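Each residue of the sequence shown is one higher than the one before, counting from 5 in my numbering.
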Amino acid sequence: MFNEFEFDKMRRLPKYVFAEVGELKMSERRKGADVIDFSMGNPDGPAPEHIREKLIEASAKPHNHGYSASKGIYKLRLAITNWYKRRYDVDLDPDTETVATMGSKEGYAHLIQAIVNPGDMAVVPDPAYPIHAYAFALAGGNVQKMELPYDEDFNLLEDQFFHNLEKAFQDSFVKPKYVVVNFPHNPTTVTCQQSFYERIVAMAKKERFYIISDIAYADITFDGYKTPSILTVPGAKDVAVESFTLSKSYNMAGWRVGFIVGNKKLVGALQKIKSWLDYGMFTPIQIAATIALDGPQECVAEFTDKYYRRQKVVIETFNQAGWAIRPTKASMFLWAEIPQELQHLGSLEFAKRLLVEAKVAVSPGIGFGEYGDKYVRIALIENEKRIRQAAKNIKTFLAQAKQNAPKQAQ
Ligand SMILES: Cc1ncc(COP(=O)(O)O)c(C=O)c1O
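This is the structure we're talking about:
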């Protein structure tokens, strides 16, 4: 019925590669398999107690149950500006340069809806967190890809980045208006230095484009690395906005709280579109989020330590199992090159076989873009005991797969 009606926007969204692995995971579980799941960036464990208690206390008050403020209650926006001041010594106006969002994914997708005109072009490095690219497709815009260049320690190769970016500008059939950057990067874990932001702000002013920076993993860093913010560059607010989320730092992924700050014109557009689309998060969640940002921060260090320990266990045990994985300075992921003998499978087939034969779920790199296909992403969301179990399963899987590899490669 009504088969002649096509939904063009839906046609621009490809089938989610991760859905394929997800369905296989469910089917294995239904058969009774104990799947060890490293596939999603979904923190395990609850939000800290003091934040949960604030939610309970605030939800007991009847006046907190009505519609809230779509751009976030003032106290939360103030807490966001205090967070930036404390952390980066950046001054922000809570009214005009700050907007609280229902997680940073919602904020990002609606920002793009608000600012993109049909046919507008954006440059998004590949691989990418999928919404970074597809938000533009949903908004009627287009994406000019460029390869994200990095070394074996997952440091951004700055010169190569700007070379690739300039090439993307030359190759694009209309001049790009937006460039998306995300460091620490999902899925590759790549980190950048402050100098990168200085260069890209200067380029944005010269070439006239906006920069959208996502620092979702800013807090989850190891070995003394500190995540820089684009907004510390003098004049960055003329050309840039930056987003952050409470999902990762405070184990609040299901609460849906994030924010976008910076350039008034972009923040204003997001505030306006949100005023048409939503009534804001449940007020008690916003009050508890205020406490998360303003309150004790030991929990953030605890979660970071947990990811660091897990990273070490994965690297050590998977290495013993025959899979060499490089360490990283940031994020809750490892970007793991597929063992040489099995690279011919491609990341989707490798991930499927790992799931069926070793009962270990990972995200295939191809789901993040064509330049991700030699890798899979391991999210450090299983405890150390289960990581060790995964390594045992992988050892058997790799031994068998390597034995058979020459035959399959023929
Ligand atoms: C780079 C990046 N940005 C944004 C998000 C979205 O987080 P949330 O919508 O929970 O704030 C994620 C989630 O995994 C992410 O990896």
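Glycine included, every Cβ here is placed at the ideal spot set by N, Cα and C. Since the model is a prediction, treat every value here as computed from it, not as a measurement.
Query                                                                                                                      : Result
Cβ shell of L281 (< 8 Å), same chain only, five flanking positions each side left out                                      : S74, H114
Pair within 7 Å by beta-carbon distance, G266 and T105                                                                     : no
Residue span of the alpha helix (DSSP H) that contains N86, given as start and end                                         : 78-92
C-alpha gap between T308 and G36, whole angstroms                                                                          : 33 Å
Classification of R15 by the beta-carbon crowding that lies within 10 angstroms, buried from 16 upward                     : exposed
Cβ neighbours of Q414 in the same chain (closer than 6 Å, five flanking residues each side left out)                       : Unreliable positioning characterises Q414 in this predicted model, as indicated by a pLDDT of 43, which lies under 50. A coordinate reading is not provided.
Complete runs of the alpha helix (DSSP H) confined to the segment 102-190 [at least 4 residues]                            : 107-119, 134-142, 162-175
Endpoints, alpha helix (DSSP H) assigned at D298                                                                           : 287-298
Ligand 1 heavy atom lying under 6 Å from the CB of G376                                                                    : no
Cα-Cα separation, L359 to K333                                                                                             : 27 Å
Chain-order list of residues whose beta-carbon lies under 6 Å from that of A118 (same chain, five-residue window excluded) : A273, L274, I277
Under the three-state DSSP convention, the category T308 falls into                                                        : helix
Same chain, Cβ closer than 8 Å to I224, five either side skipped, listed in chain order                                    : P188, K252, S253, F307, T308, Y311, A334, S335, M336
Residues with C-beta closer than 6 Å to any heavy atom of ligand 1, in chain order                                         : G45, G107, S108, K109, Y133, N186, N190, D218, A220, T249, S251, A257, G262
Distance between beta carbons of V271 and F42, contact taken as under 8 Å                                                  : About 35 Å separates the two Cβ atoms, so there is no contact after all.
Span of the alpha helix (DSSP H) around R330                                                                               : It is not in any alpha helix (DSSP H) - R330 carries neither H nor E in the DSSP assignment.
Close Cβ partners of F213 (< 7 Å) along its chain, the five nearest in sequence each way excluded                          : P180, K181, Y182, V183
T400 - DSSP class collapsed to helix/strand/coil                                                                           : helix
As assigned by DSSP and simplified to three states, the class of E374                                                      : helix
Opposing strand residues paired with I385 [DSSP bridges]                                                                   : Paired residues: none, contrary to the question.
At least 3 beta-carbon pairs within less than 8 Å: the segment 229-243 vs the segment 205-219                              : yes
Start-to-end residues for the beta strand (DSSP E) that takes in D218                                                      : 214-218
DSSP beta-bridge partners of L338                                                                                          : I382
Span of the beta strand (DSSP E) around S247                                                                               : 244-249
Distance cut-off 6 Å: Y375 Cβ against heavy atoms of ligand 3                                                              : Looking at this structure, you won't find ligand 3 anywhere; what it does contain is ligand 1.
Range of the contiguous beta strand (DSSP E) that encloses G45                                                             : Element bounds for G45: n/a, residue is neither H nor E.
Three-state secondary structure assigned by DSSP to F263                                                                   : strand
Which residues DSSP lists as bridging A365, in chain order                                                                 : D41
Close beta carbons around I398, own chain, < 8 Å, minus the five adjacent residues each side                               : F322, A325, G326, W327, L358, A362, V364
Straight-line gap, L161 to D155 (C-alpha atoms, nearest Å)                                                                 : 7 Å
Residue range of the alpha helix (DSSP H) that includes H69                                                                : Element bounds for H69: n/a, residue is neither H nor E.
Spatial neighbours of V243 in its chain, beta-carbon cut-off 8 Å, leaving aside the 5 residues before and after            : V205, A208, K209, F213, Y214, I215, N267
Burial state of R90 (16 or more Cβ within 10 Å)                                                                            : exposed
Closest residue to F286 among G350, E24, E246, G76 (Cα-Cα distance)                                                        : G76
Buried/exposed call for S351, threshold 16 Cβ in 10 Å                                                                      : buried
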